[in-house]
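K.L.:
Oh and the sequence shown: position 145 is 147 in this note's numbering, straight run, nothing missing.
Even for Gly, the Cβ is constructed at its ideal location relative to N, Cα and C.
Dropping the structure in here first, questions after.
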Amino acid sequence: MLHSYLMHPDVATALRLQALDLRAAELRKEIASLPKRILEIEKALEAHTRRLELDRAALAANQRERKKIEGDIQLHQQKISKLRDQMMGAKTNEQYRAFQEEIAWLENAVRKAEDQILELMMEAETLESNVRKAEADLREEKKSVEAEKEQARARTQADKEELARIDAERRELSARLSPEVLSMYERLRTRHYPGGDVLAEARDGRCMGCMMTMRPQLFQDVKSGRHVVCCETCRRILYVEEPARDVQAGMED
């Protein structure tokens, strides 16, 4: 046989109030977290922008170095040309050999410089590829970041609107509660269980909030629904869920 339990009207109202308060807490937490999330994605975007700037700076440094070396080669070649002209007027073999040695040194310096330029050109290809990829990635990331920021703004607005509706319904529900129960509920919510459950189900003679066994008479009082009853251990307001009705059994009866 199924027992029919009654719930005190203030307890039923307090249950709805608790559901609203828990949902409001979730919304406030989410509203507070969204600006932090936006800050995080903006910081990530700034980090990627700085990396792109470093890649561009490395490419610019490469180009400056190549230009400098090309200038050195030009100077060396000009000196070689002048030395060849001067070598034609050498008076002695020693002077001729001295010109040859200096020309050979400069030609060797030109070859080394040309090798450096080749290395820098190969390095530049990689740097240019990195810059192009980083620029493309950054463009896509900016789009993604803006979309995520817009979603966060929309979510915040939706949360605030839902929170306003909850606040309005909460005021209405609070007005329905007896002053004593409202005071009890608020005291439990603010002092003992902030952000947690103020009401607890009484099931099989136990308070499901603290899991302590209740006095049989106290459990009967909760089931009767005549009074607002609190757990003697954790102080939570107790309620009993009405068991599901067996439809098939009812039809058979």
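Residue ranges of each alpha helix (DSSP H) run of no fewer than 4 residues wholly in the region 136–174, ordered along the chain?
P.N.:
As far as the region 136–174 is concerned, it has no whole alpha helix (DSSP H) run of at least 4 residues.
K.L.:
Name the two residues that bound the continuous beta strand (DSSP E) containing TYR241.
P.N.:
Segment 239–241, the beta strand (DSSP E) holding TYR241.
K.L.:
Using a 10 Å radius around the Cβ and a threshold of 16 neighbouring Cβ atoms, would you call GLN20 buried or exposed?
P.N.:
Buried: at least 16 other Cβ atoms inside 10 Å.
K.L.:
So, using beta-carbon positions, are GLY227 and MET9 closer together than 8 Å?
P.N.:
Yes.
K.L.:
Please state if the CB of ALA202 and the CB of ARG238 are separated by a distance shorter than 8 Å.
P.N.:
Yes.
K.L.:
DSSP three-state label for GLU48, please.
P.N.:
Looking at GLU48 - three-state DSSP - the assignment turns out to be helix.
K.L.:
Along the beta strand (DSSP E) that carries GLU234, what are the first and last residues, could you check?
P.N.:
No beta strand (DSSP E) contains GLU234, which DSSP labels as neither H nor E.
K.L.:
Can you round the beta-carbon distance between MET210 and THR235 to whole angstroms, since I take them to be within the 8 Å contact cut?
P.N.:
That pair is no contact at about 12 Å.
K.L.:
With a threshold of 7 Å on Cβ separation, who are the neighbours of THR15 within its own chain once the five nearest residues in sequence on each side are excluded?
P.N.:
LEU175, ARG178, LEU179, listed in sequence order.
K.L.:
Contact between the region 53–72 and the region 112–131 is defined here as three or more beta-carbon pairs at a separation below 8 Å; is this criterion met?
P.N.:
The region 53–72 vs the region 112–131: in contact.
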